[in-house]
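Please read the structure below before turning to the comments.
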Amino acid sequence: MIRSLSVLMFLFVFTSTFSQSLSKPISTWNEKDLQNAALVDVRTAEEFSQGHIQGATNIDWYGEGFADNFTDIPKDKTIYLYCKKGGRSSEAQELLSSLGYSQVINLTGGYDAWTSKDN
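Start counting the sequence shown at 1470; every next residue gets the next number (my numbering).
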């Protein structure tokens, strides 16, 4: 029992640290980063239609079968995720990482941070 709890604690700390290490503040991200990557907006279609980062594909985090939309993307391809502020994209990052995608990067601050920076 104690051994199982220790293993679970280790996994929790490891995955939390791993997820954080693959986060990138949106202010340090630029168009050049997309050359060999996918940019995914995980907000709703309505939010996406009100404005989004150019070149982004909309895959609604709340939509049924969210992960099924990534089956055509190679597991080693870099995927940048963003939402409004970073909550949904962080959850999506964790899910995709658990499915074997190795380069899933959450753009912290989300669309709000993108629109507030000088473009």
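Even for Gly, the Cβ is constructed at its ideal location relative to N, Cα and C. Since the structure is predicted, the reported quantities are computational estimates derived from the model, not experimental observations.
Across the set P1543, K1501, L1564 and S1571, the C-alpha of L1564 shows the shortest separation from the C-alpha of V1511. In this structure, the straight-line span from the alpha carbon of N1527 to that of F1539 is close to 12 Å.
The beta-carbon distance between A1507 and D1529, rounded to whole angstroms, is 16 Å. This is too long to meet the 8 Å contact definition.
When the Cα atoms are used, T1584 and S1518 turn out to be separated by approximately 15 Å. H1521 and Y1580 have their C-alpha atoms roughly 7 Å apart.
Distance from the CA atom of E1516 to the CA atom of G1534, rounded to whole angstroms, is 19 Å. Short of 7 Å from the beta carbon of K1544, and not among the five residues preceding or following it, lie these beta carbons of its own chain, in chain order: G1569, Y1570 and S1571.
CA-to-CA, the gap between D1541 and K1586 works out to about 32 Å. Residue pairing of S1492 in beta bridges, as defined by DSSP: N1575.
Among the bridge pairs identified by DSSP, I1548 is matched with A1507 and V1573.
Assignment of T1526 by DSSP, reduced to helix, strand and coil, places it in the strand class.
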